[in-house]
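Engineer: I'd like to ask some things about the structure below.
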Amino acid sequence: MPAPHNPFKAALKAGDPQMGCWLGLADPYVAEISAGAGFDWLLIDAEHAPNDLRSIIAQLQVIAGFGSHAVIRPTVGETWMIKQLLDAGAQTLLVPMVESAEQARELVKAVTYPPHGIRGVGSALARASNFSAIPDYLKTAREEICLLVQVENRKGMEALDEILQIEGIDGVFIGPSDLAADMGHIGNAAAPEVEAAVLDGMRKIVAAGKAGGILTLSPKMQRECLDIGATFVATDIDVTLFASAIRDSAKAALSLLPDQSAHGTAETSNASRYLQQLCKHWSHKAAVEFDPNAGTIRFDGGNQVQMSATATQLAVTATTGPRGDLERWKGVVSRHLERFAFREEFSLVWQD
(Lines of atoms letter the chains of each structure in order from A and count residues from 1; the text may use other names and numbers.)
(Lines give C-alpha, C1' and ligand atoms only; values in the text may rest on other atoms or scores of the structure.)
Protein backbone atom coordinates (compact mmCIF):
# COMPACT_ATOMS: atom_id res chain seq x y z
CA MET A 1 0.00 0.00 0.00
CA PRO A 2 1.54 3.35 -1.08
CA ALA A 3 1.41 6.72 0.66
CA PRO A 4 -1.91 8.58 0.36
CA HIS A 5 -2.50 10.33 -2.95
CA ASN A 6 -1.95 14.10 -2.95
CA PRO A 7 -4.72 15.53 -5.18
CA PHE A 8 -3.41 19.08 -4.75
CA LYS A 9 -0.01 18.15 -6.16
CA ALA A 10 -1.67 16.31 -9.03
CA ALA A 11 -3.87 19.32 -9.81
CA LEU A 12 -0.90 21.68 -9.89
CA LYS A 13 1.00 19.32 -12.17
CA ALA A 14 -2.00 19.20 -14.51
CA GLY A 15 -2.29 23.00 -14.51
CA ASP A 16 -5.71 23.04 -12.84
CA PRO A 17 -6.15 26.27 -10.82
CA GLN A 18 -6.69 25.69 -7.11
CA MET A 19 -8.40 28.41 -5.07
CA GLY A 20 -7.54 28.71 -1.40
CA CYS A 21 -8.01 30.51 1.89
CA TRP A 22 -5.51 31.38 4.65
CA LEU A 23 -6.15 30.05 8.17
CA GLY A 24 -4.62 32.14 10.92
CA LEU A 25 -7.08 31.76 13.79
CA ALA A 26 -5.31 28.54 14.82
CA ASP A 27 -8.51 26.76 15.73
CA PRO A 28 -9.89 23.36 14.58
CA TYR A 29 -13.49 24.63 14.71
CA VAL A 30 -12.63 27.39 12.25
CA ALA A 31 -10.65 24.94 10.12
CA GLU A 32 -13.61 22.57 10.00
CA ILE A 33 -16.02 25.32 8.98
CA SER A 34 -13.55 26.51 6.34
CA ALA A 35 -13.01 23.00 5.01
CA GLY A 36 -16.73 22.71 4.33
CA ALA A 37 -16.89 26.04 2.51
CA GLY A 38 -15.65 24.71 -0.82
CA PHE A 39 -12.06 25.97 -1.13
CA ASP A 40 -9.64 23.66 -2.93
CA TRP A 41 -6.94 24.26 -0.34
CA LEU A 42 -6.49 25.81 3.09
CA LEU A 43 -3.19 27.22 4.34
CA ILE A 44 -2.49 26.51 8.01
CA ASP A 45 -0.07 29.26 8.96
CA ALA A 46 2.64 28.67 11.55
CA GLU A 47 4.77 31.64 10.48
CA HIS A 48 2.54 34.54 11.48
CA ALA A 49 -0.27 32.75 13.37
CA PRO A 50 -0.08 31.21 16.88
CA ASN A 51 0.03 27.60 15.68
CA ASP A 52 2.15 24.85 17.19
CA LEU A 53 2.52 21.19 16.20
CA ARG A 54 -0.51 20.03 18.18
CA SER A 55 -2.83 22.73 16.83
CA ILE A 56 -1.64 21.94 13.32
CA ILE A 57 -2.37 18.23 13.80
CA ALA A 58 -5.86 19.03 15.11
CA GLN A 59 -6.57 21.10 12.00
CA LEU A 60 -5.15 18.42 9.71
CA GLN A 61 -7.50 15.92 11.31
CA VAL A 62 -10.67 17.95 10.78
CA ILE A 63 -9.76 19.09 7.27
CA ALA A 64 -9.12 15.47 6.24
CA GLY A 65 -12.85 14.77 6.34
CA PHE A 66 -13.55 17.25 3.54
CA GLY A 67 -12.49 17.92 -0.03
CA SER A 68 -10.11 20.75 0.85
CA HIS A 69 -6.37 20.08 0.93
CA ALA A 70 -4.26 21.28 3.85
CA VAL A 71 -1.10 23.24 3.07
CA ILE A 72 1.23 23.99 5.98
CA ARG A 73 3.47 27.03 6.21
CA PRO A 74 6.18 26.38 8.83
CA THR A 75 7.68 29.15 10.89
CA VAL A 76 10.98 28.76 9.05
CA GLY A 77 12.46 26.21 6.68
CA GLU A 78 14.40 24.30 9.33
CA THR A 79 15.01 20.59 8.73
CA TRP A 80 13.76 19.50 12.16
CA MET A 81 10.54 21.48 11.76
CA ILE A 82 9.89 20.08 8.29
CA LYS A 83 10.49 16.55 9.60
CA GLN A 84 7.90 16.99 12.36
CA LEU A 85 5.28 18.41 10.00
CA LEU A 86 5.73 15.61 7.47
CA ASP A 87 5.54 12.95 10.18
CA ALA A 88 2.37 14.64 11.47
CA GLY A 89 0.75 13.99 8.10
CA ALA A 90 1.32 17.18 6.14
CA GLN A 91 1.82 16.41 2.45
CA THR A 92 2.18 19.97 1.14
CA LEU A 93 4.50 22.59 2.60
CA LEU A 94 4.90 26.26 1.74
CA VAL A 95 8.30 27.33 3.07
CA PRO A 96 8.70 31.09 3.66
CA MET A 97 11.59 33.43 2.85
CA VAL A 98 13.49 31.37 0.29
CA GLU A 99 16.24 33.56 -1.16
CA SER A 100 18.57 31.27 -3.11
CA ALA A 101 18.84 28.14 -5.19
CA GLU A 102 21.03 26.56 -2.51
CA GLN A 103 18.35 27.14 0.10
CA ALA A 104 15.75 25.58 -2.21
CA ARG A 105 18.04 22.61 -2.84
CA GLU A 106 18.41 21.99 0.91
CA LEU A 107 14.63 22.08 1.32
CA VAL A 108 14.28 19.35 -1.31
CA LYS A 109 16.68 17.22 0.72
CA ALA A 110 14.70 17.93 3.88
CA VAL A 111 11.52 16.38 2.43
CA THR A 112 13.33 13.39 0.91
CA TYR A 113 14.43 10.20 2.67
CA PRO A 114 18.03 8.96 2.34
CA PRO A 115 20.03 8.16 0.33
CA HIS A 116 18.89 11.14 -1.78
CA GLY A 117 17.81 13.35 1.12
CA ILE A 118 18.12 13.89 4.85
CA ARG A 119 14.58 13.37 6.18
CA GLY A 120 14.80 11.33 9.36
CA VAL A 121 13.18 7.90 9.31
CA GLY A 122 10.60 7.67 12.07
CA SER A 123 7.50 6.41 10.32
CA ALA A 124 6.70 3.93 13.08
CA LEU A 125 5.77 6.90 15.28
CA ALA A 126 4.19 8.94 12.51
CA ARG A 127 0.62 9.82 11.73
CA ALA A 128 1.77 10.13 8.10
CA SER A 129 2.21 6.34 7.81
CA ASN A 130 -1.06 5.75 9.65
CA PHE A 131 1.16 4.49 12.46
CA SER A 132 2.84 1.84 10.30
CA ALA A 133 -0.44 0.71 8.69
CA ILE A 134 0.90 1.87 5.29
CA PRO A 135 3.66 -0.68 4.59
CA ASP A 136 5.12 1.11 1.56
CA TYR A 137 5.09 4.59 3.06
CA LEU A 138 8.86 5.01 3.23
CA LYS A 139 9.29 4.05 -0.42
CA THR A 140 6.42 6.12 -1.81
CA ALA A 141 6.10 9.15 0.50
CA ARG A 142 8.27 11.49 -1.57
CA GLU A 143 6.12 11.07 -4.69
CA GLU A 144 3.13 12.54 -2.86
CA ILE A 145 4.90 15.38 -1.04
CA CYS A 146 4.38 18.79 -2.64
CA LEU A 147 7.13 21.31 -1.89
CA LEU A 148 6.30 24.97 -2.46
CA VAL A 149 8.75 27.77 -1.73
CA GLN A 150 7.93 31.38 -0.97
CA VAL A 151 9.90 34.18 -2.63
CA GLU A 152 9.12 37.47 -0.91
CA ASN A 153 11.98 39.94 -1.09
CA ARG A 154 14.31 41.47 -3.67
CA LYS A 155 17.05 38.95 -2.99
CA GLY A 156 14.67 36.08 -3.64
CA MET A 157 13.29 37.70 -6.77
CA GLU A 158 16.83 38.20 -8.08
CA ALA A 159 17.50 34.49 -7.54
CA LEU A 160 14.14 33.38 -8.97
CA ASP A 161 15.51 32.05 -12.27
CA GLU A 162 18.00 29.86 -10.38
CA ILE A 163 15.40 28.68 -7.85
CA LEU A 164 13.12 27.62 -10.69
CA GLN A 165 15.81 25.27 -12.00
CA ILE A 166 15.90 23.18 -8.81
CA GLU A 167 14.40 19.74 -9.33
CA GLY A 168 11.96 18.79 -6.61
CA ILE A 169 10.44 22.25 -6.21
CA ASP A 170 6.81 21.92 -7.27
CA GLY A 171 5.83 25.56 -7.11
CA VAL A 172 6.87 29.08 -6.19
CA PHE A 173 4.67 31.45 -4.22
CA ILE A 174 5.27 35.20 -4.37
CA GLY A 175 4.64 37.10 -1.12
CA PRO A 176 3.45 40.63 -2.05
CA SER A 177 3.44 42.10 1.48
CA ASP A 178 7.06 41.36 2.37
CA LEU A 179 8.16 42.18 -1.15
CA ALA A 180 6.42 45.55 -0.93
CA ALA A 181 8.16 46.29 2.37
CA ASP A 182 11.56 45.34 0.95
CA MET A 183 10.94 47.56 -2.06
CA GLY A 184 10.20 50.57 0.14
CA HIS A 185 6.40 50.36 -0.01
CA ILE A 186 5.61 48.81 3.37
CA GLY A 187 1.87 48.32 3.82
CA ASN A 188 1.18 49.01 0.15
CA ALA A 189 1.34 45.85 -1.93
CA ALA A 190 -0.79 47.68 -4.52
CA ALA A 191 2.04 50.06 -5.41
CA PRO A 192 2.50 49.90 -9.21
CA GLU A 193 6.17 48.97 -8.86
CA VAL A 194 5.31 46.07 -6.54
CA GLU A 195 2.46 44.74 -8.67
CA ALA A 196 4.69 44.88 -11.75
CA ALA A 197 7.38 42.86 -9.94
CA VAL A 198 4.83 40.28 -8.77
CA LEU A 199 3.37 39.81 -12.25
CA ASP A 200 6.81 39.63 -13.85
CA GLY A 201 7.83 36.97 -11.33
CA MET A 202 4.62 35.02 -11.94
CA ARG A 203 5.31 34.96 -15.68
CA LYS A 204 8.78 33.52 -15.03
CA ILE A 205 7.36 30.83 -12.74
CA VAL A 206 4.74 29.74 -15.25
CA ALA A 207 7.22 29.82 -18.15
CA ALA A 208 9.54 27.52 -16.19
CA GLY A 209 6.78 24.94 -15.85
CA LYS A 210 6.35 25.38 -12.10
CA ALA A 211 3.13 26.11 -10.24
CA GLY A 212 2.74 29.79 -9.40
CA GLY A 213 0.99 30.92 -6.24
CA ILE A 214 -0.04 34.04 -4.37
CA LEU A 215 -2.20 35.33 -1.53
CA THR A 216 -3.91 38.58 -2.46
CA LEU A 217 -7.19 40.15 -1.40
CA SER A 218 -7.23 42.27 -4.55
CA PRO A 219 -9.70 40.91 -7.14
CA LYS A 220 -7.66 42.69 -9.82
CA MET A 221 -4.44 40.89 -8.87
CA GLN A 222 -6.26 37.59 -8.41
CA ARG A 223 -7.58 37.85 -11.96
CA GLU A 224 -4.28 38.97 -13.47
CA CYS A 225 -2.33 36.17 -11.79
CA LEU A 226 -4.85 33.56 -12.92
CA ASP A 227 -4.74 34.95 -16.45
CA ILE A 228 -0.95 34.58 -16.45
CA GLY A 229 -1.32 30.95 -15.38
CA ALA A 230 -1.00 30.92 -11.58
CA THR A 231 -2.39 27.66 -10.24
CA PHE A 232 -2.69 28.13 -6.47
CA VAL A 233 -4.28 31.42 -5.49
CA ALA A 234 -5.54 32.31 -2.01
CA THR A 235 -8.23 34.97 -2.04
CA ASP A 236 -9.07 35.46 1.63
CA ILE A 237 -7.96 35.08 5.25
CA ASP A 238 -10.08 33.72 8.09
CA VAL A 239 -8.83 36.43 10.46
CA THR A 240 -9.85 39.32 8.21
CA LEU A 241 -13.15 37.66 7.34
CA PHE A 242 -14.07 37.30 11.01
CA ALA A 243 -12.75 40.72 12.02
CA SER A 244 -14.70 42.45 9.27
CA ALA A 245 -17.89 40.50 9.98
CA ILE A 246 -17.83 41.04 13.75
CA ARG A 247 -17.17 44.78 13.36
CA ASP A 248 -20.01 45.11 10.88
CA SER A 249 -22.24 43.18 13.28
CA ALA A 250 -21.32 45.48 16.16
CA LYS A 251 -22.02 48.57 14.06
CA ALA A 252 -25.39 47.17 13.03
CA ALA A 253 -26.29 46.37 16.64
CA LEU A 254 -25.22 49.78 17.93
CA SER A 255 -27.11 51.54 15.15
CA LEU A 256 -30.34 50.23 16.68
CA LEU A 257 -29.82 52.48 19.71
CA PRO A 258 -31.18 56.06 19.68
CA ASP A 259 -28.60 58.78 19.04
CA GLN A 260 -28.87 61.16 21.99
CA SER A 261 -26.47 63.92 20.99
CA ALA A 262 -28.02 66.81 22.91
CA HIS A 263 -25.80 68.55 25.48
CA GLY A 264 -25.99 67.06 28.96
CA THR A 265 -27.19 63.59 27.90
CA ALA A 266 -25.35 60.31 27.56
CA GLU A 267 -24.36 60.14 23.90
CA THR A 268 -24.29 56.96 21.82
CA SER A 269 -22.02 58.19 19.03
CA ASN A 270 -18.83 56.32 18.29
CA ALA A 271 -16.78 59.31 19.46
CA SER A 272 -18.58 59.25 22.81
CA ARG A 273 -18.13 55.50 23.18
CA TYR A 274 -14.46 55.97 22.41
CA LEU A 275 -14.19 58.70 25.04
CA GLN A 276 -15.60 56.40 27.69
CA GLN A 277 -13.31 53.56 26.61
CA LEU A 278 -10.31 55.87 26.82
CA CYS A 279 -11.11 57.03 30.34
CA LYS A 280 -11.65 53.45 31.48
CA HIS A 281 -8.34 52.47 29.91
CA TRP A 282 -6.48 55.37 31.52
CA SER A 283 -8.11 55.33 34.96
CA HIS A 284 -5.89 52.57 36.34
CA LYS A 285 -2.75 54.55 35.41
CA ALA A 286 -3.59 57.90 37.00
CA ALA A 287 -6.10 59.49 39.34
CA VAL A 288 -8.80 60.41 36.84
CA GLU A 289 -12.39 61.52 37.35
CA PHE A 290 -14.63 61.39 34.29
CA ASP A 291 -17.94 63.24 34.12
CA PRO A 292 -19.81 61.75 31.12
CA ASN A 293 -22.44 64.50 31.17
CA ALA A 294 -20.00 67.40 31.15
CA GLY A 295 -17.37 65.52 29.16
CA THR A 296 -14.59 66.54 31.53
CA ILE A 297 -11.60 64.65 32.82
CA ARG A 298 -10.06 65.93 36.05
CA PHE A 299 -6.57 64.78 37.00
CA ASP A 300 -5.17 64.43 40.47
CA GLY A 301 -4.04 67.93 41.44
CA GLY A 302 -6.93 69.78 39.84
CA ASN A 303 -5.78 69.91 36.23
CA GLN A 304 -8.68 69.43 33.87
CA VAL A 305 -9.19 68.47 30.23
CA GLN A 306 -12.48 68.96 28.41
CA MET A 307 -13.36 66.26 25.88
CA SER A 308 -16.62 66.73 24.02
CA ALA A 309 -18.08 64.20 21.64
CA THR A 310 -20.73 64.50 18.95
CA ALA A 311 -21.83 61.99 16.36
CA THR A 312 -18.95 62.92 14.07
CA GLN A 313 -16.30 64.66 16.18
CA LEU A 314 -14.22 64.30 19.32
CA ALA A 315 -12.74 67.58 20.59
CA VAL A 316 -10.05 67.85 23.29
CA THR A 317 -9.35 71.11 25.16
CA ALA A 318 -7.19 71.90 28.20
CA THR A 319 -9.47 74.07 30.36
CA THR A 320 -7.41 74.41 33.53
CA GLY A 321 -3.89 73.65 34.53
CA PRO A 322 -0.72 73.75 32.43
CA ARG A 323 -0.73 73.39 28.66
CA GLY A 324 1.26 70.20 29.11
CA ASP A 325 -1.93 68.37 30.03
CA LEU A 326 -3.31 68.88 26.53
CA GLU A 327 -0.07 67.61 25.03
CA ARG A 328 -0.21 64.65 27.35
CA TRP A 329 -3.68 63.71 26.19
CA LYS A 330 -2.75 64.17 22.56
CA GLY A 331 -0.22 61.39 22.97
CA VAL A 332 -2.55 59.17 24.99
CA VAL A 333 -5.45 59.55 22.58
CA SER A 334 -3.31 59.09 19.47
CA ARG A 335 -1.83 55.83 20.76
CA HIS A 336 -5.12 54.47 22.00
CA LEU A 337 -6.98 55.35 18.79
CA GLU A 338 -4.84 52.88 16.86
CA ARG A 339 -6.72 50.05 18.60
CA PHE A 340 -10.20 51.54 18.26
CA ALA A 341 -12.47 49.84 15.73
CA PHE A 342 -14.66 52.88 15.02
CA ARG A 343 -11.81 55.36 14.50
CA GLU A 344 -12.67 56.09 10.87
CA GLU A 345 -16.17 57.28 11.72
CA PHE A 346 -15.29 60.51 13.54
CA SER A 347 -12.76 63.30 13.36
CA LEU A 348 -10.43 64.28 16.19
CA VAL A 349 -9.94 68.00 16.90
CA TRP A 350 -7.32 69.48 19.24
CA GLN A 351 -8.47 72.84 20.63
CA ASP A 352 -5.72 75.00 22.14
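Per the UniProt record's numbering, numbering through the sequence shown is continuous, rising by one, with the last residue being 352.
The beta-carbon is built from N, C-alpha and C at its ideal position, and this holds for glycine as well.
Source: prediction; values computed, not measured.
If you follow the alpha helix (DSSP H) that isoleucine 145 is part of, which residue opens it and which one closes it?
Structural biologist: The count along the sequence shown starts at 1 and reaches residue 145 at position 145. Element bounds for isoleucine 145: n/a, residue is neither H nor E.
Engineer: Aspartate 170 by DSSP, collapsed to three states: which one?
Structural biologist: Position 170 of the sequence shown, counted from the first residue, corresponds to residue 170. Reduced to three states, the DSSP call for aspartate 170 is coil.
Engineer: Grab the span of the alpha helix (DSSP H) containing glutamine 59 for me, first residue to last.
Structural biologist: Here residue 59 refers to the residue found at position 59 when the sequence shown is read from its first residue. Unbroken alpha helix (DSSP H) run through glutamine 59: 53-63.
Engineer: In the DSSP assignment, what residue or residues form a beta bridge with phenylalanine 232?
Structural biologist: Taking the first residue of the sequence shown as 1, we reach residue 232 at position 232. Paired residues: Gln18, Gly213.
Engineer: Report the rounded CA-to-CA distance for alanine 10 versus valine 71, giving the unit in angstroms.
Structural biologist: Here residue 10 is taken as the residue at index 10 of the sequence shown, counted from 1. Here residue 71 is taken as the residue at index 71 of the sequence shown, counted from 1. So the two alpha carbons sit approximately 14 angstroms from each other.
Engineer: Would a C-beta distance cut-off of 8 angstroms place glycine 122 and aspartate 87 closer than the cut-off?
Structural biologist: Counting from one through the sequence shown, the residue named residue 122 turns up at place 122. Counting from one through the sequence shown, the residue named residue 87 turns up at place 87. Yes, they are a contact pair.
Engineer: So what's alanine 159 in DSSP terms, helix, strand or just coil?
Structural biologist: The residue you call residue 159 lines up with position 159 of the sequence shown. Note: alanine 159 maps to coil in three-state DSSP.
Engineer: According to DSSP, is alanine 70 part of a helix, a strand, or is it coil?
Structural biologist: Reading the sequence shown from its first residue, position 70 is the one you call residue 70. Strand.
Engineer: How many Å lie between aspartate 52 and alanine 128 at the Cα?
Structural biologist: Walking along the sequence shown from the start, residue 52 turns up at place 52. Walking along the sequence shown from the start, residue 128 turns up at place 128. Taking the straight line from one Cα to the other gives about 17 angstroms.
Engineer: Please work out which residues of its chain come closer than 7 angstroms, Cβ to Cβ, to glutamate 32, disregarding the five sequence neighbours upstream and downstream, and give them in chain order.
Structural biologist: As a position in the sequence shown, residue 32 is number 32, starting the count at 1. If we look at glutamate 32 and ignore the five residues flanking it on each side, its Cβ neighbours are Val62.
Engineer: So, with DSSP's three-state summary, where would you put isoleucine 246?
Structural biologist: The count along the sequence shown starts at 1 and reaches residue 246 at position 246. Reduced to three states, the DSSP call for isoleucine 246 is helix.
Engineer: Between which two residues does the beta strand (DSSP E) containing isoleucine 44 stretch?
Structural biologist: Along the sequence shown, read from residue 1 onward, the residue named residue 44 stands at position 44. Isoleucine 44 -> beta strand (DSSP E) spans 41-45.
Engineer: Please report the straight-line C-alpha distance between glutamine 222 and glutamate 78, rounded to a whole angstrom.
Structural biologist: Residue mapping note: residue 222 aligns to position 222 of the sequence shown, counting from 1. Residue mapping note: residue 78 aligns to position 78 of the sequence shown, counting from 1. Distance between the alpha carbons of glutamine 222 and glutamate 78: 30 angstroms.
Engineer: Terminal residues of the continuous alpha helix (DSSP H) containing threonine 79?
Structural biologist: Taking the sequence shown and counting its residues from 1, the one referred to as residue 79 is at position 79. Residues 79-87.
Engineer: Closest to glycine 89 by C-alpha separation, out of Ala196, Gly24, His5, Arg247, would be which residue?
Structural biologist: Walking along the sequence shown from the start, residue 89 turns up at place 89. Closest option to glycine 89, Cα to Cα, is His5.
Engineer: Can you tell me the Cα-Cα spacing of isoleucine 44 and arginine 73, whole angstroms?
Structural biologist: Counted from its first residue, the sequence shown places residue 44 at position 44. Counted from its first residue, the sequence shown places residue 73 at position 73. Roughly 6 angstroms separates the two Cα atoms.
Engineer: Distance check for isoleucine 145 and isoleucine 57, CA to CA, integer angstroms please.
Structural biologist: Locating residue 57 in the sequence shown gives position 57, counting from the first residue. Locating residue 145 in the sequence shown gives position 145, counting from the first residue. Taking the straight line joining both Cα atoms gives about 17 angstroms.
Engineer: Examine chain C for any beta-carbon lying closer than 8 angstroms to the beta-carbon of isoleucine 63, and answer yes or no.
Structural biologist: Protein chain content of the structure displayed is limited to a single chain, and chain C is not contained in it.
Engineer: Give the secondary structure of leucine 199 by DSSP, where H, G and I count as helix, E and B as strand, and everything else as coil.
Structural biologist: Within the sequence shown, residue 199 is the residue found at index 199, counting from 1. DSSP places leucine 199 in helix when its eight states are reduced to three.
Engineer: State the beta-bridge partners of leucine 23 as determined by DSSP.
Structural biologist: As a working note, residue 23 is residue 23 in the sequence shown. Answer is Ile44, bridged to leucine 23.
Engineer: To which residues does DSSP link threonine 92 through a beta bridge?
Structural biologist: Taking the first residue of the sequence shown as 1, we reach residue 92 at position 92. For threonine 92, which the question treats as bridged, DSSP gives the partners Cys146.
Engineer: So, under 8 angstroms CB-CB, tryptophan 41 and phenylalanine 232 are touching, yes? Tell me the CB distance rounded to an integer number of Å.
Structural biologist: Position 41 of the sequence shown holds residue 41. Position 232 of the sequence shown holds residue 232. About 7 angstroms separates the two Cβ atoms, so the contact holds.
Engineer: What residue from Ala124, Ser255, Pro176, Leu23 has the CA that sits closest to serine 218's CA?
Structural biologist: Here residue 218 corresponds to residue number 218 of the sequence shown, with the count starting at 1. Among Ala124, Ser255, Pro176, Leu23, the Cα nearest to that of serine 218 belongs to Pro176.
Engineer: Report the rounded CA-to-CA distance for alanine 3 versus serine 55, giving the unit in angstroms.
Structural biologist: For the purposes of this step, residue 3 is taken as the residue at position 3 of the sequence shown. For the purposes of this step, residue 55 is taken as the residue at position 55 of the sequence shown. Cα to Cα, the separation comes out at about 23 angstroms.
Engineer: Check this for me: beta carbons of asparagine 22 and isoleucine 237, under 8 angstroms apart or not?
Structural biologist: Within the sequence shown, the letter at position 22 stands for residue 22. Within the sequence shown, the letter at position 237 stands for residue 237. Residue identity differs from the one stated: residue 22 is tryptophan in this sequence, not asparagine. It is a contact, given that the beta carbons lie within the stated cut-off.
Engineer: Assign glycine 201 to buried or exposed, taking buried as 16 or more other Cβ atoms, counted over all protein chains shown, within 10 Å of its Cβ.
Structural biologist: On the sequence shown, residue 201 is found 201 positions in, with the first residue counted as 1. Glycine 201 should be labelled buried.
Engineer: Three or more C-beta pairs under 8 angstroms: does that hold for the region 96-111 against the region 182-190?
Structural biologist: Verdict: no, contact absent.
Engineer: With distances taken from CA atoms, which of His48, Ala14, Gln18, Gly36 is nearest valine 239?
Structural biologist: Looking up residue 239 in the sequence shown gives position 239. Of the candidates His48, Ala14, Gln18, Gly36, the one whose C-alpha sits nearest the C-alpha of valine 239 is His48.
Engineer: Going by alpha carbons, who is nearest to lysine 83 out of Met97, Gly67, Phe39, Leu125?
Structural biologist: On the sequence shown, position 83 is the one that residue 83 refers to. Per the Cα distances, Leu125.
Engineer: CB proline 96 to CB glutamate 152, shorter than 8 angstroms?
Structural biologist: Here residue 96 refers to the residue found at position 96 when the sequence shown is read from its first residue. Here residue 152 refers to the residue found at position 152 when the sequence shown is read from its first residue. The answer is yes: Cβ separation under 8 angstroms.
Engineer: Tell me the DSSP secondary structure of isoleucine 108 in three-state form.
Structural biologist: Within the sequence shown, numbered from 1, the residue matching residue 108 stands at position 108. It is worth fixing the name first, because residue 108 is valine in this sequence and not isoleucine. Helix.
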